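Read the structure below first, then the notes.
Residue numbers (our numbering), protein chains in the order written: chain A, 609 to 929; chain U, 160 to 345.
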């Protein structure tokens, strides 16, 4: 039996520790304080395509189980802290996503999430860029809107392209069996299967996501008067490394989006899970104007060490854990 | 037997659009905010076509009854190629489509791999290296073992390969069947 051994070599784990120390130093120098909010909760993320791991809590061993959920990001808890007056904060710790296992995915992984008061999505990108350049030693990071990256990499003008045409372009690259009713599904497919791999040689911030993919970002008007999400993603080495928002602070809109997610879950026969109403209550109390971002720390370490599988940077990958 | 998207892996044989296919490269793709997919590079075992297909996480795919067996090549009857499983003496006949380019390297009594789909041969894979006799080539140039230059030679199976100038009719040559290149004298 040699499967007791770590999936990452000790040298990589030493380098990983150095990256983690660098991150903590970066935030300490900027008076962003570390928090360690709960990752076990009675509620689960609403996002239809992020599946939470369920765990059974029992008051005593023979008691009936209360189903709880391992958090897929510390976002809800951190926003409650922000509303309570925490100031700018970061959390670096384990989060859990059911079913996610592959070269760039482990169901248990380390997420760095931080919120800066008074910053918008553009200013937060500056912050992300400083940290990423500090760790990876890369040059300045280009910013490109969602529409223009599709134009640049696929020659598609999204404003003039029907969903059927998107599907046709997708099928030129990779065949797939999927209906045409969900335009965002096709956009996501093209982004993840075709555009993302083409970004492997140059780090890029993709900005101004379609408003239909806003998640918890506020909606803004872009330079051409189109309504877009104040959301960005950072791609490095062809990997999705970070996802950030100028945060939604409107409690009514927050409630509407939670409910809309739940309806989407229902229509796709996905599990209905308890929505985090305490998040809405916190926004109702008042979330300060802020921008926030989540960054995959394991992937950042993969890039720093130039390795191709996530198991090479975590002590025990899922199947060996 | 059906497989769900998360059970897909390299080497798995499945049925797609009525044809048996082999999976060559399997990758989990999951954008932070989008659906999960399993992206697979596939090879159609009947046509050899290689293409990419991505599967939704809730999609399932039918397994294909495909099996690789080592067999001894017996003979060609003018139309079909006959093979035998050495231990059980079971015999299989493969047509030209199934044999394909492997025909160039098939020597009687050599062992090769026969791919069976529903117990019918659909592909033949010869060993990486085979030894075949030269039946026709220009006379060898004595002493010219180091210099470059090559000439065509016809082998006992009918295949034609480029060989160094010193090779003689009747020589036994080692050939790399993956490239069709001469390697050395056997």
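Using N, Cα and C, we set each Cβ at its ideal position, and we do this for glycine too.
The structure presented is a predicted model; accordingly, all values stated were derived computationally and were not measured.
For the region 694-706 of chain A, residues whose beta-carbon sits nearer than 9 Å to a beta-carbon of chain U comprise 705. Sequence-ordered contacts of the region 772-803 of chain A with chain U read 781, 782, 783, 784, 785, 786, 792, 793, 796, 797, 799, 800, 801 [C-beta pairs closer than 8 Å].
Around residue 165 of chain U, the beta-carbon contacts reaching into chain A at under 9 Å are 707, 709. Interface flag for residue 851 of chain A against chain U is set, since a Cβ pair is found closer than 9 Å. Following the DSSP letters along the chain, one finds residue 754 of chain A inside the alpha helix (DSSP H) bounded by residues 754-762. Counting the other CB atoms within 10 Å of its CB gives residue 293 of chain U a total of 16 or more, which places it among the buried residues. Contact check between the region 731-750 of chain A and the region 760-779 of chain A: fewer than three CB pairs, one atom from each, fall below 8 Å, which does not count as touching.
Against residue 821 of chain A, the close residues of chain U are 192, in the order they occur along the chain (beta-carbon pairs closer than 8 Å). Listed in chain order, the positions of the region 635-661 of chain A with a beta carbon within less than 9 Å of a beta carbon of chain U are 655, 656, 657, 658, 659.
For residue 713 of chain A, the nearest beta carbon of chain U is closer than 9 Å to its own beta carbon. Classified as buried, residue 796 of chain A has 16 or more neighbouring CB atoms from the shown chains inside 10 Å of its CB.
With 16 or more other Cβ atoms from the protein chains shown falling within 10 Å of its own Cβ, residue 853 of chain A counts as buried. For residue 848 of chain A, the C-beta contacts it makes with chain U under 7 Å involve 190, 191, in order along the chain. Taking 8 Å as the upper bound for CB-CB distance, residue 801 of chain A and residue 213 of chain U are in contact here, some 6 Å apart. Distance from residue 705 of chain A to residue 659 of chain A at the Cβ level is roughly 7 Å; contact confirmed, criterion being Cβ atoms closer than 8 Å.
Judged by beta-carbon spacing, residue 615 of chain A lies within the 9 Å limit of residue 922 of chain A, meaning their Cβ atoms are closer than that value.
Closest in C-alpha terms to residue 277 of chain U, from the list U/205, U/190, U/316, comes U/205. The beta-carbon distance between residue 676 of chain A and residue 650 of chain A, rounded to whole angstroms, is 6 Å. This is short enough to meet the 8 Å contact definition. Per the DSSP secondary-structure output, residue 844 of chain A pairs in a beta bridge with A/847. For residue 204 of chain U, the three-state secondary structure derived from DSSP is coil.
Contact holds between the region 799-815 of chain A and the region 745-765 of chain A, because three or more Cβ pairs, one in each stretch, are under 8 Å apart. By the Cβ neighbour-count rule, residue 194 of chain U is buried, with 16 or more other Cβ atoms within 10 Å of its own. Rounded to whole angstroms, the separation of the alpha carbons of residue 172 of chain U and residue 892 of chain A is 55 Å.
Within chain A, the residues 782, 783, 784, 797, 801 have their CB atoms less than 8 Å from the CB of residue 213 of chain U, given in chain order. The residue among A/849, A/925, A/756, A/915 with its C-alpha nearest the C-alpha of residue 623 of chain A is A/915. Closer than 9 Å to the CB of residue 855 of chain A there is not a single CB belonging to chain U.
Listed in chain order, the non-local C-beta contacts of residue 197 of chain U below 8 Å within the same chain comprise 164, 165, 167, 185, 186, 187, 188, 213, 214, 216, local neighbours out to five positions each way being set aside. Bounds of the beta strand (DSSP E) holding residue 665 of chain A are 661-665.
In this structure, the alpha-carbon of residue 836 of chain A lies about 9 Å from that of residue 821 of chain A. Not a single C-beta of chain U is nearer than 9 Å to the C-beta of residue 683 of chain A. Residue-level contact check: residue 221 of chain U does not touch chain A, since none of the beta carbons of chain A fall below 9 Å from its beta carbon. The beta carbons of residue 296 of chain U and residue 312 of chain U sit about 4 Å from each other, so the pair counts as a contact at 8 Å. Three or more beta-carbon pairs separated by less than 8 Å link the region 230-238 of chain U to the region 260-269 of chain U, which places the two stretches in contact. For residue 214 of chain U, the uninterrupted beta strand (DSSP E) segment begins and ends at 209-215. With its beta carbon at least 9 Å from every one in chain A, residue 276 of chain U lies outside the interface. Neighbours of residue 288 of chain U in chain A, taken as residues at a C-beta separation under 9 Å, are lacking, since the least C-beta distance is about 32 Å.
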